[in-house]
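Protein chains: 2
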Amino acid sequence: MAGVVKPSIPKGTRDFGPVEMSRRNYIFDTIRSVFRRYGYMPIETPAQENLTTLLGKYGDEGDKLLFKILNSGDFLTAAGGPLNANSDKAALQISEKGLRYDLTVPFARYVVQHQSEIAFPFKRYQIQPVWRADRPQKGRYREFYQCDVDVVGSDSLLCEVELVQIVADVFKALGINVCLKINNRKILAGMAEAVGAPDKMTDITVAIDKLDKIGLENVNAELAEKGLSTEQISALQPILALQGNRQEKLNSLQQILTSEVGRKGIEEVSTLFGYIESLGLDLKVELDLTLARGLNYYTGAIFEVKALDTEIGSILGGGRYDNLTGIFGMPGLSGVGISFGADRIYDVMTRLELFPEAVGTTTDVLVANFGGDDELYALEVAAKLRREGLSVEVFPESAKMKKQMGYADRRGIRYVVLCGENERLAQNITLKDMLSSSQQTLSLSSAVEQIK
Amino acid sequence: MAGVVKPSIPKGTRDFGPVEMSRRNYIFDTIRSVFRRYGYMPIETPAQENLTTLLGKYGDEGDKLLFKILNSGDFLTAAGGPLNANSDKAALQISEKGLRYDLTVPFARYVVQHQSEIAFPFKRYQIQPVWRADRPQKGRYREFYQCDVDVVGSDSLLCEVELVQIVADVFKALGINVCLKINNRKILAGMAEAVGAPDKMTDITVAIDKLDKIGLENVNAELAEKGLSTEQISALQPILALQGNRQEKLNSLQQILTSEVGRKGIEEVSTLFGYIESLGLDLKVELDLTLARGLNYYTGAIFEVKALDTEIGSILGGGRYDNLTGIFGMPGLSGVGISFGADRIYDVMTRLELFPEAVGTTTDVLVANFGGDDELYALEVAAKLRREGLSVEVFPESAKMKKQMGYADRRGIRYVVLCGENERLAQNITLKDMLSSSQQTLSLSSAVEQIK
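Here the protein sequences come in this chain order: S and X.
Counting in the working numbering, the first sequence tops out at residue 653, every number present.
Counting in the working numbering, the second sequence tops out at residue 653, every number present.
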């Protein structure tokens with residue numbers, strides 16, 4: 202056809218067909234039901250936020266990755282003068298709104314805007330897509346879902362404990378074997394203070410992380426490159442030499458971290474692990490002193506989950522932030538939250554074949570269509586089967602049986618009900634099991650029993 | 202706080218808090234479960250579509266209402282020359298993507314793009330937000346959800362019958378008293394042909410619609426204004442004089458509509474109503490010859506649903522389109538679908554107080570926090586209650602009882618479990634019923650029985 206463009210979708214975005222949807226919904230439903238069991242309530246925020254809400258919250262790189270919405274109408278005239286030659290600056294003349302980049306900033310905005318309606322501590326979850334103009338690559342998309350669960354308005358460590366319980370429950374329900382890594386931003390700050398380089402917290406954690414891979418000598422060389430003095434590097438050696446299990450490491454740290462913040466971090470981690478052990482959670486949890494995600498953001502606990510049986514980065518991240526709503530003029534509200542990476546969880550479950558058989562299934566029964574008077578009987582049979590809780594299709598045309606069976610086959614529908622003239626007159630049906638290729642004529646109620 | 206902007210969201214968009222979310226989910230879940238019962242499968246498409254997919258599909262007005270995404274990066278340089286002074290034209294130089302405007306065009310695009318994976322007839326549903334840069338007003342939003350259910354790849358009227366069954370099931374399940382209005386585009390075309398004014402189909406249906414309100418004389422005057430000749434107006438009089446119940450109207454039309462398309466329309470409507478009567482659906486259905494929605498789009502049946510007990514426009518619309526995928530180069534695929542207006546359904550249910558009590562509820566149980574050793578016991582009690590299927594919160598801090606009770610009260614949580622030292626030592630709990638203000642000390646299993 203002339204002039205017709207082969208349809209496509211923007212790069213980095215995806216269509217989800219029925220099978221993918223059923224599997225994705227299985228993940229979302231599982232996560233959601235655990236959230237609910239712990240008393241978290243759902244909220245949703247608009248896809249578009251004012252750019253004043255979004256800009257400056259994700260760093261310069263984040264600002265660039267925001268999808269901006271062109272103002273409606275005559276945006277050039279409304280720009281109030283010629284456009285700046287710089288695209289970043291011109292964008293702000295012709296765009297006032299952007300697509301949400303994560304669920305955290307909209308949540309902070311929500312809490313401040315609705316503070317008078319909220320009973321604190323506020324426990325909410327939010328499962329919605331976010332958009333980032335990232336370079337698309339394998340496993341990284343420009344539209345993807347986040348599943349966030351947060352509690353704000355309490356600095357009690359019980360909130361962290363509860364999130365750990367949720368992690369245990371969700372991954373147990375999904376059947377994914379995981380390890381939850383925990384660290385604390387205060388310990389990292391304490392380390393940096395202990396070596397006299399409070400601004401080099403990230404470099405120090407990266408160094409600890411690389412120790413196993415590149416060895417002490419190379420780590421020290423790298424630190425020197427990053428600008429740490431010989432003295433600072435020397436002060437770091439006891440930290441790099443940390444050995445043993447969690448308790449032993451914490452004991453050693455207790456000697457090394459003498460600042461208030463460092464000691465507070467050790468205390469928080471010890472308390473959290475104490476609860477985890479007392480509750481006997483069915484979850485592998487470890488202290489990972491190299492865990493440093495979202496450093497400029499978190500102020501206490503830091504969480505990350507990795508799947509154990511396959512190599513797919515992090516499938517969950519989170520932590521405590523002490524002043525999330527401060528950016529919107531409501532200081533002093535501490536919160537802690539985690540975000541489940543639904544896309545990566547999907548990838549893990551697909552790779553390890555963890556989706557239950559029943560997920561992604563199709564219609565229970567196809568009622569074949571013999572046309573004429575039999576058509577109405579087919580509709581009646583279908584209606585009765587639906588009332589029994591089955592999902593039922595009637596083939597819309599009295600096509601050849603081969604075509605109708607072919608449809609059932611392609612859709613993976615196991616049972617086909619045949620009700621032609623004989624069955625209609627006898628007010629029964631013939632049930633064909635596509636799996637065993639057997640068929641028998643029986644009453645509707647017997648058929649229901651067999652199918653269920 | 203200096204420099205802090207009071208947070209807000211773009212006009213025409215909304216935040217949904219826990220109560221609204223629970224109610225909205227109740228609507229979506231009800232609709233979804235009916236769709237599933239009829240064998241429709243979910244799909245989702247990206248929020249962003251290429252503008253080539255969207256432009257020209259919704260008329261000039263629609264093109265203006267599309268939200269366009271500013272290209273990422275240095276869009277001015279990539280524009281390949283100075284921007285056109287006309288904003289509409291300049292937009293196309295700096296924007297390649299737009300937010301989806303409805304679910305129908307993305308669905309058509311999906312079918313064409315994935316045709317090799319699809320078993321036809323393809324029965325899909327899709328529940329996602331759409332965006333329109335409409336002037337915001339009461340009940341009209343710039344972001345709102347559509348719930349579409351369509352079958353493509355069959356021109357059998359059984360598809361229409363099934364959609365009518367779905368309408369009946371959904372509104373019965375939601376408890377909304379509705380009337381389904383049905384018309385057929387072919388009848389409207391036949392009328393216009395019969396009066397010799399095939400291009401005046403809309404004016405004619407509007408005229409019929411106004412007959413009751415403004416009277417025959419005024420209607421005829423209006424038609425003359427619209428450019429119908431005296432002859433044409435005279436030829437229309439038998440149609441304006443149509444009287445009686447559905448069958449009587451159809452009988453009269455049979456005399457008036459002599460063109461092939463007109464007769465086909467009458468036959469389709471008669472067949473559809475025949476099935477509806479035979480199936481004995483629990484639904485008020487009427488033939489409405491003035492129904493003319495989406496004329497440039499639909500080719501057969503047209504559907505619209507109104508709630509009967511309150512004045513809130515249409516809460517569902519739909520119809521048959523014979524060449525939806527033709528715009529994307531896949532002609533000859535007939536489809537029929539309906540779209541539930543979730544926002545209006547929400548408004549109807551709110552106004553008529555149709556939401557069940559249990560919807561919008563909160564956590565089942567709050568376990569009060571007495572601190573110290575009792576805290577761990579509270580966590581254990583909560584974990585056990587959750588295993589019984591209850592949703593349970595532990596108050597995260599050992600705050601004053603007044604504060605904890607106030608939280609339960611504000612959240613509308615009915616049961617508060619008190620487990621202090623006495624209860625911990627006796628391994629029981631005290632259950633407070635906030636509704637009756639009574640409390641009793643009992644075993645955990647007795648408490649579960651009482652709560653459930």
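Cβ coordinates follow ideal geometry from the N, Cα and C atoms, glycine included.
Thinking just about the alpha-carbon of each residue, which of the options is nearest to the one in residue i?
i: S:Arg301; options: S:Tyr326, S:Arg336 and S:Arg343; result: S:Arg343
i: X:Thr511; options: X:Tyr578, X:Leu389, X:Asp548 and X:Ala583; result: X:Asp548
i: S:Phe229; options: S:Arg545, S:Ala291 and S:Ile614; result: S:Arg545
i: X:Leu277; options: X:Lys603, X:Thr253 and X:Ile295; result: X:Ile295
i: S:Ile513; options: S:Thr246, S:Ala583, S:Glu418 and S:Lys339; result: S:Lys339
i: X:Glu624; options: X:Lys427, X:Thr406, X:Val568 and X:Ser288; result: X:Val568
i: S:Asp404; options: S:Leu424, S:Phe345, S:Glu394 and S:Asp216; result: S:Leu424
i: X:Val595; options: X:Leu619, X:Pro322 and X:Arg552; result: X:Leu619
i: X:Tyr346; options: X:Arg336, X:Leu626 and X:Val331; result: X:Val331
i: X:Ala436; options: X:Arg447, X:Ala393, X:Arg588 and X:Lys465; result: X:Ala393
i: S:Gly445; options: S:Ala280, S:Arg310 and S:Leu488; result: S:Leu488
i: S:Arg552; options: S:Leu509, S:Leu580 and S:Phe541; result: S:Leu509
Quick check: the Cα distance between residue i and residue j, rounded to an integer number of angstroms?
i: X:Pro597; j: S:Pro211; result: 45 Å
i: S:Ala398; j: S:Leu429; result: 7 Å
i: X:Met202; j: S:Ile528; result: Legend: pLDDT at X:Met202 = 39, less than 50; position of this residue unreliable, no value from coordinates given.
i: X:Thr231; j: S:Thr305; result: 30 Å
i: X:Gly621; j: S:Leu364; result: 23 Å
i: X:Ala374; j: S:Tyr499; result: 46 Å
i: X:Leu636; j: X:Ile652; result: 12 Å
i: X:Phe556; j: X:Arg225; result: 10 Å
i: S:Glu468; j: S:Val462; result: 10 Å
i: S:Arg662; j: S:Val352; result: Lying before the first or after the last residue shown, residue 662 of chain S is absent from chain S, which here runs from 202 to 653.
i: S:Ile244; j: X:Met222; result: 6 Å
i: X:Lys387; j: X:Val470; result: 10 Å
i: X:Ala600; j: X:Asn570; result: 7 Å
i: S:Asp634; j: S:Asn378; result: 36 Å
i: X:Met531; j: X:Val313; result: 6 Å
i: X:Gly613; j: X:Val537; result: 44 Å
i: S:Ile328; j: S:Met242; result: 11 Å
i: S:Leu482; j: S:Gly501; result: 22 Å
i: S:Ala442; j: S:Ala408; result: 12 Å
i: X:Gln456; j: X:Thr562; result: 58 Å
i: X:Gln641; j: S:Gln641; result: 58 Å
i: S:Tyr326; j: X:Val593; result: 15 Å
i: X:Ala648; j: X:Leu632; result: 7 Å
i: S:Ala320; j: S:Ala334; result: 36 Å
i: S:Lys401; j: S:Ala422; result: 15 Å
What residues match up with residue i in a beta bridge as DSSP calls it?
i: X:Pro399; result: Answer is none; X:Pro399 lacks a bridge partner.
i: X:Arg341; result: X:Gln338
i: S:Arg325; result: S:Met242 and S:Asp351
i: X:Ala502; result: X:Asn385
i: X:Tyr522; result: X:Gly536
i: X:Gln249; result: X:Leu300
i: X:Lys485; result: X:Cys380
i: X:Thr642; result: X:Thr631
On the premise that residue j lies in contact with residue i, defined as a C-beta separation below 8 Å, what is that separation, rounded to the nearest angstrom?
i: S:Leu358; j: S:Leu534; result: In fact, because the Cβ distance is near 17 Å, the residues do not count as touching under 8 Å.
i: X:Val362; j: X:Tyr476; result: 5 Å
i: X:Leu645; j: X:Val582; result: 7 Å
Should residue i be flagged as near chain A, meaning a C-beta pair shorter than 7 Å?
i: S:Gly218; result: Here chain A cannot be found, since the structure's protein chains are S and X.
At a Cβ cut of 8 Å, what residues of the stretch 240-255 of chain S count as close to chain X, listed as they run along the chain?
Closer than 8 Å at the C-beta level to chain X, one finds these residues of the stretch 240-255 of chain S: Gly240, Met242, Pro243, Ile244, Glu245, Thr246, Pro247, Ala248, Gln249, Glu250, Asn251, Thr253 and Thr254.
Going along the chain, which residues of the stretch 295-314 of chain S sit with their C-beta nearer than 7 Å to a C-beta in chain X?
Contact annotation: in the stretch 295-314 of chain S, residues whose CB is within less than 7 Å of a CB in chain X are Ser296, Lys298, Arg310, Tyr311, Val313 and Gln314.
Quick one, which residues of the stretch 316-328 of chain X are near chain S if we go by CB-CB under 9 Å, in chain order?
Per Cβ criterion, the list reads Glu318, Ile319, Ala320, Phe321, Pro322, Lys324 and Arg325.
Mind listing which residues of the stretch 591-618 of chain X have their C-beta closer than 7 Å to chain S's C-betas, in chain order?
Within the stretch 591-618 of chain X, the qualifying residues are Ser592, Val593, Glu594, Val595, Pro597, Glu598, Tyr608, Arg611 and Arg612.
Against chain X, which members of the stretch 254-269 of chain S pass a CB distance test of less than 7 Å?
Those residues of the stretch 254-269 of chain S that come within reach of chain X (Cβ to Cβ, closer than 7 Å) are Thr254, Phe268 and Lys269.
Quick one, which residues of the stretch 469-498 of chain S are near chain X if we go by CB-CB under 8 Å, in chain order?
For the stretch 469-498 of chain S, the beta-carbon criterion of a distance under 8 Å to any beta-carbon of chain X is satisfied by Tyr476, Ser479 and Leu480.
Return the residues of the stretch 623-638 of chain X that lie within a Cβ-Cβ distance of less than 7 Å from chain S, sorted by chain order.
With the criterion set as a beta carbon lying under 7 Å from some beta carbon of chain S, the stretch 623-638 of chain X has no members that meet it.
If you measure beta-carbon to beta-carbon, which residues of the stretch 499-530 of chain S are closer than 7 Å to chain X?
Answer in chain order: Phe529 and Gly530.
Please list the residues of the stretch 333-347 of chain S that have a C-beta atom closer than 7 Å to any C-beta atom in chain X, keeping them in chain order.
Listed in sequence order: Ala334 and Glu344.
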